[in-house]
Amino acid sequence: MDTRRRLTEAFDTWSAWADARAGDGDRFEPHLVDLAARLRGGRPSPVRTGDPVEPPHRAALIGRLAATLVEAEEGIGDGDPGAASPAEEVVAELAAMFGLPCAYGRLTSGGAMANLEALRLAREAHPERGIAHGTDGYPAHERRCDVLRVPAYPVRTDTAGRIDVDALATLLAKEPVGTLVVGAGTATLGAVDPIADILALCREHDVRVHVDATHGGFFTLVVDADELRDTPTARHLRAIADCDSVAVDPHRRGLHPHACGVLLVRTGDRPHGGTHPGESGLDQAPSDVTAAALWLTLRALPPTPDGLGRLLAGRLRDTRRWRDLIDGEPELMLYQEPELDILTYLALSGEPRPRLSSVATASRHIVHTDPADAEHPVHLSMLHVRVLDFLGRHPRAVADRNDTHILRSALLGADCAGHVDPAHHRIATLADTAPRRPAAPDRRARRTPLETPA
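Residue numbering for the sequence shown follows the numbering used here, starting at 3 and increasing by one per position.
1) Go ahead and pull the three-state DSSP assignment for residue 197.
2) At the level of alpha carbons, what is the spacing between residue 198 and residue 8?
3) Looking at residue 228: is its Cβ nearer than 9 Å to the Cβ of residue 315?
4) Going by DSSP, what residue range makes up the alpha helix (DSSP H) through residue 145?
5) Any chance the segment 322-331 sits against the segment 125-134, with 3 or more Cβ pairs inside 8 Å?
6) Please state whether DSSP places residue 1 in a helix, a strand or coil.
7) What span of residues does the alpha helix (DSSP H) with residue 368 cover, start to end?
8) Using 8 Å as the threshold, is the segment 262-269 in touch with the segment 233-251, meaning 3 or more CB pairs across them?
9) Roughly how many angstroms lie between the CA atoms of residue 352 and residue 438, to the nearest whole one?
10) For residue 361, decide whether its Cβ has a neighbour in chain C, counting only Cβ atoms nearer than 9 Å.
11) Between 408, 380 and 168, which lies nearest to residue 387 when the distance is taken from Cα to Cα?
12) If I measure Cβ to Cβ from residue 423 and keep anything under 8 Å in the same chain, skipping five residues before and after, which residues do I get?
13) Shortest alpha-carbon distance to residue 295 belongs to which of 364, 213, 6 and 88?
14) At what residues does the alpha helix (DSSP H) containing residue 171 begin and finish?
15) Are residue 380 and residue 428 touching if we call contact CB-CB under 9 Å?
16) With H, G and I counted as helix, E and B as strand and the rest as coil, what does DSSP make of residue 8?
17) When the Cα atoms are used, what is the spatial distance from residue 238 to residue 6?
18) Would you kindly check if the distance between the Cβ of residue 213 and the Cβ of residue 167 is under 9 Å?
19) Whole-angstrom Cβ separation of residue 150 and residue 109, contact assumed at under 8 Å?
20) Starting from the C-beta of residue 152, find all residues in its chain whose C-beta is less than 8 Å away, skip the five residues before and the five after it, and write them out in chain order.
21) Please tell me whether residue 181 and residue 342 are closer than 9 Å, where the distance is taken between their beta carbons.
22) With distances taken from CA atoms, which of 191, 367, 205 and 398 is nearest residue 163?
23) Quick check on DSSP: helix, strand or coil for residue 248?
24) Using the C-alpha atoms, what's the distance from residue 141 back to residue 174?
25) Put residue 133 into one of helix, strand or coil per three-state DSSP.
26) Am I right that residue 100 and residue 243 are in contact with their C-beta atoms under 8 Å? What's the rounded C-beta distance?
27) DSSP has residue 108 in a bridge; who is on the other side?
28) Among the residues of its own chain, which have a CB less than 6 Å from the CB of residue 219, if the five just before and after it don't count?
29) Please list the terminal residues of the continuous beta strand (DSSP E) segment that includes residue 2.
30) If we call anything under 9 Å between Cβ atoms a contact, is residue 107 one with residue 97?
31) Assuming the contact rule is C-beta atoms closer than 8 Å, residue 321 and residue 340 should be a hit. Round their C-beta distance to whole Å, please.
32) Exposed or buried, residue 119, counting other C-beta atoms within 10 Å across all chains shown (16 or more means buried)?
33) Let me know the secondary structure DSSP gives residue 350 once reduced to three states.
34) Within this structure, are the beta carbons of residue 400 and residue 355 separated by less than 9 Å?
35) Relative to the alpha-carbon of residue 189, which residue among 138, 179 and 169 has its alpha-carbon at the smallest distance?
36) Look up residue 408 in the DSSP assignment and give the residues it is bridged to.
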């Protein structure tokens with residue numbers, strides 16, 4: 003496919019209108035070269051961390067540009083009874099992906115807004131009850147509860163960052179919880195909560211279950227692939243089909259640009275108001291540009307096992323291969339086993355027992371030392387970890403401070419396999435050059451006769 007030609011065709015549908023209004027080009031054209039240079043500096047590396055977001059597929063860019071140019075002049079949906087078709091089609095496709103074919107759905111301005119809208123519906127469903135969430139989940143859930151003036155109940159998580167079912171049972175027996183937020187791939191660790199086990203418990207207490215699938219939702223496409231088949235993770239991802247609502251973010255693993263989220267709700271929980279997917283949301287109807295661009299993206303990468311699922315299955319294979327390299331590297335240590343595609347690990351700095359202060363120093367060294375013009379640059383970031391969370395995974399660690407920072411990685415892009423070895427080698431080299439903790443002084447070697455014990 004000739005991307006330049008397709009973009010040109012999209013632009014040509016609008017340029018005739020714009021040319022008639024020309025006259026301000028002199029004001030911005032001298033800055034185009036500067037803008038191009040800045041944008042080139044922001045090109046994504048094949049290996050990124052922090053908030054792992056895929057580079058958008060070219061179909062998404064072309065669809066967004068084409069729809070933007072048309073909407074800027076006329077408005078895609080004005081007076082057109084078929085304007086909602088792209089939004090309705092993508093909602094139906096994503097609902098089918100989760101096993102919710104009859105769900106009500108709507109596009110939002112992002113995954114954060116989709117989750118906020120879901121919690122607003124939770125408040126409407128049980129106005130006298132609060133909302134529970136895992137302590138290792140996305141921390142914004144508690145802030146959303148504060149905005150909505152709803153009591154928030156944090157639930158203890160286990161040593162893999164997943165909601166502890168026993169702790170949840172204790173909470174539900176004591177507190178008035180109306181909705182529980184579970185994670186299908188948490189934004190921090192990529193952990194999948196035990197959704198199948200949680201569902202049975204929540205039904206006993208008449209508690210709704212909302213799934214924050216903004217990061218890992220698309221991995222439901224690979225539950226039958228070799229990489230996940232017959233695993234607890236696959237079982238819990240399948241259980242999303244029995245939950246009450248789901249928020250998914252196509253820009254994370256759907257290769258779509260930012261500013262696009264999708265909320266899916268079981269038909270019986272449809273909010274009050276009209277039937278059009280944009281009539282009842284907090285951010286009203288999102289731009290038709292978003293719907294058109296996502297529609298075109300899903301034509302290029304359908305949300306099926308043979309479409310986008312094939313790419314994600316390869317991502318899981320490459321992640322596990324990198325996991326094995328880290329596990330065999332003397333200077334590195336896994337923080338915890340990856341459940342999906344997020345790797346968390348740390349540099350040992352020559353210490354058999356990781357010291358939290360040394361881990362933080364080594365992490366900063368690795369993140370900030372790698373030059374942008376290196377032959378194989380890796381864009382890494384750090385994850386803040388509390389001391390008890392660290393000791394829960396590595397009880398022999400030396401807790402000489404209350405927290406630390408570890409490294410987090412994710413492979414992005416269509417061709418990850420070729421980047422695993424050079425990326426790992428680069429990180430291992432940086433870990434080997436991380437500052438070492440000075441050896442403890444040998445006081446016995448410096449003793450004078452007067453200091454010798456009796």
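No residue lacks a Cβ here, since even glycine has one placed at the ideal position from N, Cα and C.
Considering the structure as presented:
1) If DSSP states are grouped into helix, strand and coil, residue 197 belongs with the helices.
2) Between residue 198 and residue 8, the C-alpha separation is close to 45 Å.
3) Remark: C-beta atoms of residue 228 and residue 315 approach each other more closely than 9 Å.
4) Run containing residue 145: 142-150, per the alpha helix (DSSP H) assignment.
5) Verdict: no, contact absent.
6) Not covered by the structure: residue 1. The range shown for the chain is 3 to 456.
7) 358-371 is the span of the alpha helix (DSSP H), which, as asked, contains residue 368.
8) Between the segment 262-269 and the segment 233-251 there are three or more C-beta pairs closer than 8 Å, enough to call the two in contact.
9) When rounded, the distance between both Cα atoms is 7 Å.
10) Judged by its chain identifiers, the structure shown contains no chain C, having just a single protein chain.
11) Comparing alpha carbon positions, the residue from 408, 380 and 168 closest to residue 387 is 408.
12) These residues qualify, in order along the chain: 327.
13) Minimum Cα distance to residue 295 is reached at 88.
14) Segment 167-176, the alpha helix (DSSP H) holding residue 171.
15) Less than 9 Å separates the beta-carbon of residue 380 from that of residue 428.
16) Three-state result, residue 8: helix.
17) Roughly 42 Å between the two C-alpha positions.
18) Their beta carbons are not under 9 Å apart, which means residue 167 does not touch residue 213 by this criterion.
19) Wrong, their Cβ atoms sit about 21 Å apart, outside the cutoff.
20) Counting only Cβ-Cβ distances below 8 Å, and skipping sequence neighbours, we find 121, 124, 125, 132 and 133.
21) No; because the gap between Cβ atoms is not below 9 Å, this pair is not in contact.
22) Residue 191 is the option with its Cα nearest to residue 163.
23) The DSSP-derived three-state label of residue 248 is strand.
24) Whole-angstrom Cα-Cα distance: 20 Å.
25) Three-state result, residue 133: strand.
26) For residue 100 against residue 243, the beta-carbon gap comes to about 6 Å, under 8 Å, which counts as contact.
27) DSSP output for residue 108 lists 265 as bridge partner(s).
28) Annotation for residue 219: 186 and 250 place their beta carbon closer than 6 Å to its own, counting only its chain and skipping 5 residues before and after.
29) The structure shown does not extend to residue 2, since the chain is modelled only from 3 to 456, so the question has no answer here.
30) For the 9 Å CB-CB criterion, residue 107 and residue 97 form a contact.
31) The Cβ separation is near 6 Å, so the contact holds.
32) Taking all protein chains shown into account, residue 119 has 16 or more neighbouring C-beta atoms within 10 Å of its C-beta and is therefore buried.
33) In the structure shown, residue 350 sits in coil (DSSP, three-state: anything other than H, G, I, E or B).
34) Yes, these two residues count as a Cβ contact at 9 Å.
35) Checked all of 138, 179 and 169; the closest Cα to residue 189 is 138.
36) DSSP lists 385 as partners of residue 408.
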